[in-house]
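Here the sequence shown is numbered in numbering that gives the first Met the number 0, starting from 0 and rising by one per residue. Ideal Cβ positions, reconstructed from N, Cα and C, are used throughout, including at glycine.
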Amino acid sequence: MYLNTDHLKRCIATLQSSLTLFGQAAPASIEQEIFRNAVVKGYELTQETEALLRRSFGEENTSA
C-alpha cells in the first residue's frame, strides 16, 4: 500500500518556515502577529492532515 505524505511534508515545511519568521520578527510587531497566526493555523492544518492520513491508512488496512 502507498500512502502519499507529500501534503503533510509541505504542511510541516510551511509550519517550520512560519516559526522561523516569527522568531526573526521584531517583538510586538504586526509581522510577528502575522507569523504567530500562521504558526497556529499551520499547526492546526498539520494536525488535520495527519489525522486524515491515519484515518485513510486505517480504513485501507481494515478492508484488506
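{"query": "S55 to N3, Cα distance in whole Å?", "result": "10 Å"}
{"query": "Beta-carbon within less than 7 Å of A37's beta-carbon, same chain only, minus the 5 sequence neighbours each way: which residues are those?", "result": "S17"}
{"query": "T19 lies in the alpha helix (DSSP H); which residues open and close that run?", "result": "D5 to Q23"}
{"query": "By Cβ distance, which residues of its chain are closer than 6 Å to L44, with the 5 residues on each side in sequence left out?", "result": "C10"}
{"query": "Output yes or no for whether 8 Å exceeds the beta carbon distance between A24 and F34.", "result": "yes"}
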